[in-house]
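In my numbering, the protein residues as written are 119 to 409.
For each residue, glycine too, the CB sits at the ideal point set by N, CA and C.
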Ligand SMILES: C[S@@+](CC[C@H](N)C(=O)[O-])C[C@H]1O[C@@H](n2cnc3c(N)ncnc32)[C@H](O)[C@@H]1O
């Protein structure tokens, strides 16, 4: 039975484990998981529509897990302790415009992160109808310093929606195959969160953009104050490298002390960036920093 997971979850898997990034309708997972029942397939896709469709389709498959979330989040925080034997990315969004380049997967940092989440003899296939994208992904892997491989045309049929579409339009399909050659270093900014205490709340936080250390940013979107003034909700987005935390912070009082913490209903990861945001909010609320 296929299960759906969140990107920071760990769950039991039987090795070997292969990963598909951006599975779309689940065409490839459907095909390979039936062909290789002894392999566990993990698919990650950030679109809920894709997750639902693939789940319906693969319902009875025992060797497939679907993760709903961003692949950066999953590779940093999900399925800890597991390393992938093979990784596939079939027709990822190429973001061809220069100003959208930062949205592309397979930049140098991504290859470094992949190197710490894959087996020693792992290989990664990046497949696309966009030659520039495959070339770009390959160049970044080589610059990362822990991959080697090649770029080629491919006759192989992965059987996905996008492959069918591009072949119908007479396009060629290219692939970069990268083999792991050592391990790069990649630091995951994880920490144990300290919940700040505030002696007295003397000031409200105002919506706006606030810089945080290490190039992170806190963007306060909304502030809601309880009628009695005993509780406050702050909706914010924190961008920290490749991570985006979407958080409702709760400011509340216990006796004489106030606390500010991320609500459990938010989507956040316990990282240094989040800690900086908490500390800054505490400073603002106590009036030590100008909001
Ligand atoms: C162009 S579609 C390709 C789908 C499928 N592989 C195919 O060949 O038909 C790209 C897929 O990647 C997913 N995706 C894009 N960026 C992602 C990210 N950062 N993390 C996880 N999934 C992502 C999208 O939601 C979408 O389903």
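Min CB distance residue i to chain D below 8 Å
i: residue 313; result: In summary, chain D is missing from the structure at hand, where a single protein chain is found.
Short Cβ contact (8 Å threshold) for residue i with residue j
i: residue 349; j: residue 370; result: yes
i: residue 128; j: residue 196; result: yes
i: residue 280; j: residue 209; result: yes
i: residue 182; j: residue 137; result: no
i: residue 297; j: residue 267; result: yes
i: residue 213; j: residue 221; result: yes
i: residue 207; j: residue 140; result: yes
i: residue 175; j: residue 148; result: yes
i: residue 309; j: residue 388; result: yes
i: residue 313; j: residue 377; result: yes
i: residue 356; j: residue 367; result: no
Length of the line joining the Cα atoms of residue i and residue j
i: residue 151; j: residue 334; result: 40 Å
i: residue 300; j: residue 259; result: 12 Å
i: residue 272; j: residue 245; result: 9 Å
i: residue 390; j: residue 397; result: 10 Å
i: residue 317; j: residue 227; result: 41 Å
i: residue 328; j: residue 191; result: 23 Å
i: residue 234; j: residue 295; result: 17 Å
i: residue 395; j: residue 155; result: 45 Å
i: residue 284; j: residue 240; result: 28 Å
Coil, strand or helix - residue i by DSSP
i: residue 119; result: coil
i: residue 360; result: coil
i: residue 320; result: coil
i: residue 175; result: helix
i: residue 180; result: coil
i: residue 385; result: strand
i: residue 331; result: helix
Distance cut-off 7 Å: residue i Cβ against heavy atoms of ligand 1
i: residue 210; result: yes
i: residue 281; result: yes
i: residue 141; result: yes
i: residue 278; result: yes
i: residue 171; result: no
i: residue 223; result: yes
i: residue 164; result: yes
i: residue 151; result: no
i: residue 168; result: yes
i: residue 145; result: yes
Bridge partner(s) assigned by DSSP for residue i
i: residue 377; result: 315, 370
i: residue 294; result: 244, 269
i: residue 340; result: 353
i: residue 128; result: DSSP output for residue 128 lists no bridge partner at all.
i: residue 186; result: 163
i: residue 112; result: Because residue 112 is not part of the residues shown, which for the chain are 119 to 409, the question remains open.
i: residue 326; result: 338
i: residue 139; result: 162, 207
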